[in-house]
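Peer 1: Can you read through this structure? Questions will come right after.
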Amino acid sequence: MKINLKRGSSEISKGEMFILLTEEETKKIRSSPKHPHQKEFASRITNGQFSGEEEQRATLHLRDLRLHTFGLGKEKELSKETLRKTASLIADYCLCLRIPDINILLNIPKISPKDSAEAILDGILLGSYRFDKYKEKDEKIVKLKSVTFHTTSKEKNIEESLRNSEITCNAANYVRDLQTENADVATPLYLEKHAREIAKKYRLKIKVLDEKELKKIGAGLILAVAKGSRYPPRMIILEYNGNPKSKDKTAIVGKGITFDSGGLNIKPTGHMETMKEDMSGSAVCLGTIKAAAELKLKSNLIAVLSSAENAIGSASYKPGDVVTSLSGKTVEIGNTDAEGRLVLADALTYIEKNLKPARIIDIATLTGAVIIALGDYTAGMCGTDKETMKKLFRSGESTYERVWELPLHKEYISEVKSDIADMNNINYSRKAGAIMGAAFLSKFVENTPWVHIDIAGTSWLDNGPRYYYQKGATGYGVRLLIDFLKNN
Ligand code: BES
Ligand code: ZN
Ligand code: ZN
Numbered sequence: 018m019k020i021n022l023k024r025g026s027s028e029i030s031k032g033e034m035f036i037l038l039t040e041e042e043t044k045k046i047r048s049s050p051k052h053p054h055q056k057e058f059a060s061r062i063t064n065g066q067f068s069g070e071e072e073q074r075a076t077l078h079l080r081d082l083r084l085h086t087f088g089l090g091k092e093k094e095l096s097k098e099t100l101r102k103t104a105s106l107i108a109d110y111c112l113c114l115r116i117p118d119i120n121i122l123l124n125i126p127k128i129s130p131k132d133s134a135e136a137i138l139d140g141i142l143l144g145s146y147r148f149d150k151y152k153e154k155d156e157k158i159v160k161l162k163s164v165t166f167h168t169t170s171k172e173k174n175i176e177e178s179l180r181n182s183e184i185t186c187n188a189a190n191y192v193r194d195l196q197t198e199n200a201d202v203a204t205p206l207y208l209e210k211h212a213r214e215i216a217k218k219y220r221l222k223i224k225v226l227d228e229k230e231l232k233k234i235g236a237g238l239i240l241a242v243a244k245g246s247r248y249p250p251r252m253i254i255l256e257y258n259g260n261p262k263s264k265d266k267t268a269i270v271g272k273g274i275t276f277d278s279g280g281l282n283i284k285p286t287g288h289m290e291t292m293k294e295d296m297s298g299s300a301v302c303l304g305t306i307k308a309a310a311e312l313k314l315k316s317n318l319i320a321v322l323s324s325a326e327n328a329i330g331s332a333s334y335k336p337g338d339v340v341t342s343l344s345g346k347t348v349e350i351g352n353t354d355a356e357g358r359l360v361l362a363d364a365l366t367y368i369e370k371n372l373k374p375a376r377i378i379d380i381a382t383l384t385g386a387v388i389i390a391l392g393d394y395t396a397g398m399c400g401t402d403k404e405t406m407k408k409l410f411r412s413g414e415s416t417y418e419r420v421w422e423l424p425l426h427k428e429y430i431s432e433v434k435s436d437i438a439d440m441n442n443i444n445y446s447r448k449a450g451a452i453m454g455a456a457f458l459s460k461f462v463e464n465t466p467w468v469h470i471d472i473a474g475t476s477w478l479d480n481g482p483r484y485y486y487q488k489g490a491t492g493y494g495v496r497l498l499i500d501f502l503k504n505n
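For the sequence shown, counting from 1, position 349 maps to 366 in the working numbering; every step adds exactly one.
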């Protein structure tokens, strides 16, 4: 999609023009219309048809021009999220009516043109995403071709925010493609292939540990999870150095279970159907480093994808097994369905020992329990790095990829124990499931400030569409992490 910015006059005489109006602005236009278009609007569209309420829409036909007004609601409730949502309604409308080229007037009260441009483009790009790879040709959607923003504002950075939005949302949509792809296509090797392509394109350092190397270094946990699968596991490490002068670097690490059957503790029907998305954390790490490199962010970032398939067969790892991790600690397998924490544990050890980042953020579809706690609106967050959690919270509020801290008191950590090994991967009670996942992980980070983000609820919508999300993959995490990296 082509994205343009036209400065100066905002008048056009042909095509499709979209105007976003608050209730207050709509009232003003009705009581004292200034431009000819406003007079036509006031005389032809009644208050009942359009008063500026959220989700309202009206169209005025003016010779070769169609003016579409979309309601923003009350000014005092207006936020960037209102703009994203409203823009996604515009995207839906255009896809539905096969309108390929659109113009948007950038003149939003209270929010600067730079911020409103970014939020509106977020809504258009995320909102026009559809996964139609497996649809028949004539059922494929007709994509939007261009969006042109019109503004009379002299604010300098509007171009930059449009670029920001374009790169970040395209990366989020790339993540959605990876999440949605069949599990027998999107295997650990497929993630490796994608990582290599990204490394080549953006000149990133890449290192891939295959099963032989994982065996050599003793990464027993990821190998155990992968045992039952025909696809070998991979630990993929990408590095982007946007600020070579600085020693500070952030490591992000993602759970990359390309299908989670539960293993021998098999998942029941109703819980397995979406498990191709259990690699969302890895996909988010890939999308984030891609966007960071494309945006040329001035920060140093390491992205680690810890990827395996949790399959069932006579070769699968078994409940009751004791496995030695990369850290040397032994883990009793209480449940083969708690596999995410296992592949992440070895990755955390590897990162801390070999890469020495200033902080580690892991992102994972780790527990069903976080869905019970927070639903699909907010991700769970736990960890030892208060400073990073504060910043992630703020980035979450700004991008609306929100995170909420759950406590990680030492009492929870003390429950991670086993009679026959150093620890168990579950605690045989259903209490505090999301925190117990984090408590297990905490045992594999010795000194590095660390944050864990559980996206089991937010990575995938069972019920959709919801504004700029369709039913299914959301790409949740890319916009959050990019905003964090920009402000860190
Ligand atoms: N991949 C699942 C968590 C999940 C559930 C992600 C629903 C997305 C949607 C994870 O591996 C899992 O199965 N966790 C178990 C842990 C339990 C056995 C301690 C769970 O949450 O039930
Ligand atoms: Zn599982
Ligand atoms: Zn899982």
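Backbone N, C-alpha and C define an ideal beta-carbon position, used for all residues, glycine too.
Is the CB of K315 under 9 Å away from at least one CB in chain B?
Peer 2: No chain B is present in this structure, which holds just one protein chain.
Peer 1: Give the secondary structure of A325 by DSSP, where H, G and I count as helix, E and B as strand, and everything else as coil.
Peer 2: The answer is strand: DSSP assigns A325 an E or B state.
Peer 1: Express the C-alpha separation of L497 and I380 in angstroms, rounding to a whole number.
Peer 2: About 11 Å.
Peer 1: Which parts of the region 120 to 159 are runs of the alpha helix (DSSP H), unbroken and 4 residues or longer, counting only runs that do not cross its ends?
Peer 2: Fully enclosed alpha helix (DSSP H) runs of 4 or longer: 130 to 144.
Peer 1: Cβ of L22 within 9 Å of Cβ of T168?
Peer 2: Closer than 9 Å, so yes.
Peer 1: Going by the CB atoms, is the gap between N190 and L143 shorter than 9 Å?
Peer 2: A contact, by the Cβ cut-off of 9 Å.
Peer 1: When DSSP labels each residue in this structure, what does D402 get in the three-state scheme?
Peer 2: D402 falls in the coil class under three-state DSSP.
Peer 1: Can you list, in chain order, the stretches of the alpha helix (DSSP H) that have 4 or more residues and sit fully within the region 307 to 376?
Peer 2: Listed in chain order, they are 357 to 371.
Peer 1: Quick one: residues in its chain with C-beta nearer than 6 Å to the C-beta of F148, no 5 flanking neighbours on either side, listed in chain order?
Peer 2: Hits under 6 Å: T197.
Peer 1: Looking at C-alpha atoms only, which residue of G259, K233, F67 and A212 is the closest neighbour of K224?
Peer 2: When only C-alpha atoms are compared, the closest one is A212.
Peer 1: Based on Cα-Cα distance, which residue from K408, L423 and D439 lies nearest to D500?
Peer 2: For the residues K408, L423 and D439, the minimum Cα distance to D500 belongs to K408.
Peer 1: Output the distance between the C-alpha atoms of A375 and I253, rounded to the nearest integer angstrom.
Peer 2: Roughly 19 Å separates the two Cα atoms.
Peer 1: Check whether the Cβ atoms of R101 and Y417 lie closer than 9 Å to each other.
Peer 2: Yes, the Cβ-Cβ distance between R101 and Y417 is below 9 Å.
Peer 1: Is the region 107 to 123 in contact with the region 34 to 47, if contact means three or more CB pairs nearer than 8 Å?
Peer 2: Cβ pair count under 8 Å is three or more, so yes.
Peer 1: To which residues of the same chain is E326 closer than 6 Å at the C-beta, ignoring the five residues directly before and after it?
Peer 2: Closer than 6 Å at Cβ, skipping near neighbours: S246, Y248, T275 and F276.
Peer 1: D132 and K171: beta carbons closer than 9 Å?
Peer 2: Contact: no.
Peer 1: Which term fits N442, buried or exposed, when burial requires 16 or more other beta carbons within 10 angstroms of its beta carbon?
Peer 2: It counts as buried.
Peer 1: Got a sec: does ligand 3 put a non-hydrogen atom nearer than 8 Å to the Cβ of G273?
Peer 2: G273 Cβ: outside cutoff for every heavy atom of ligand 3.
Peer 1: Considering G454, what are the terminal residues of the beta strand (DSSP E) in which it resides?
Peer 2: G454 -> not in any beta strand (DSSP E); alpha helix (DSSP H) instead, spanning G450 to S459.
Peer 1: Can you give me the C-alpha to C-alpha distance between M292 and P285, rounded to a whole angstrom?
Peer 2: Straight-line Cα distance between these residues: approximately 12 Å.
Peer 1: Three or more beta-carbon pairs under 8 Å between the region 389 to 404 and the region 312 to 327, yes or no?
Peer 2: Short answer: they don't touch.
Peer 1: Taking the alpha helix (DSSP H) that A59 falls in, what are its first and last residues?
Peer 2: Here the alpha helix (DSSP H) through A59 covers P53 to R61.
Peer 1: Compute every distance between the C-beta of M453 and the non-hydrogen atoms of ligand 3, then say whether any falls below 8 Å.
Peer 2: Not under cutoff, so the answer is no.
Peer 1: Based on DSSP bridge pairs, tell me the residues matched to K257.
Peer 2: It should be noted that the sequence gives Tyr, not Lys, for residue 257. The partner list for Y257 (beta bridge, DSSP) reads L318.
Peer 1: Comparing alpha-carbon positions, which option in K272, I389 and A134 lies nearest I303?
Peer 2: Reading off the sequence, residue 303 comes out as Leu, not Ile. The residue with the shortest Cα to Cα distance from L303 is K272.
Peer 1: Could you tell me how far apart the beta carbons of L195 and A300 are, in whole angstroms, since I believe they sit closer than 8 Å?
Peer 2: Contact holds; Cβ gap of about 4 Å.
Peer 1: Would you call the region 256 to 273 and the region 154 to 163 in contact, with 3 or more CB pairs under 8 Å?
Peer 2: Contact fails: fewer than three Cβ-Cβ distances are below 8 Å.
Peer 1: Measure the Cβ-Cβ separation of W477 and I377 and say whether it is below 9 Å.
Peer 2: For W477 and I377, no; Cβs fall outside 9 Å.
Peer 1: Please give the ranges of any alpha helix (DSSP H) in the region 159 to 199, keeping only runs that are unbroken, at least 4 residues long and fully inside the region.
Peer 2: Runs of the alpha helix (DSSP H) inside the region 159 to 199: 175 to 197.
Peer 1: How long is the line joining the alpha carbons of L161 and M18, rounded to whole angstroms?
Peer 2: Whole-angstrom Cα-Cα distance: 6 Å.
Peer 1: Determine contact between the region 418 to 429 and the region 351 to 367, defined as no fewer than three beta-carbon pairs at a distance below 8 Å.
Peer 2: No: the two stretches stay apart, fewer than three of their Cβ pairs being nearer than 8 Å.
Peer 1: Given that a residue counts as buried once 16 or more other Cβ atoms are within 10 Å of its Cβ, and exposed if not, what is T63?
Peer 2: Classification of T63: exposed, given that the 10 Å Cβ count is below 16.
Peer 1: Is there at least one non-hydrogen atom of ligand 1 closer than 8 Å to the beta-carbon of H288?
Peer 2: Yes, the beta carbon of H288 sits closer than 8 Å to at least one heavy atom of ligand 1.
Peer 1: May I have the straight-line CA-CA distance separating S446 from S435, to the nearest angstrom?
Peer 2: Their Cα atoms are separated by approximately 13 Å.
Peer 1: Is any heavy atom of ligand 2 found at a distance shorter than 8 Å from the C-beta of D295?
Peer 2: Flag set: Cβ of D295 near ligand 2.
Peer 1: Could you give the distance in angstroms between the alpha-carbon of V343 and the alpha-carbon of G237?
Peer 2: A quick correction: the sequence has Leu, not Val, at residue 343. Each residue's Cα considered, the two are about 6 Å apart.
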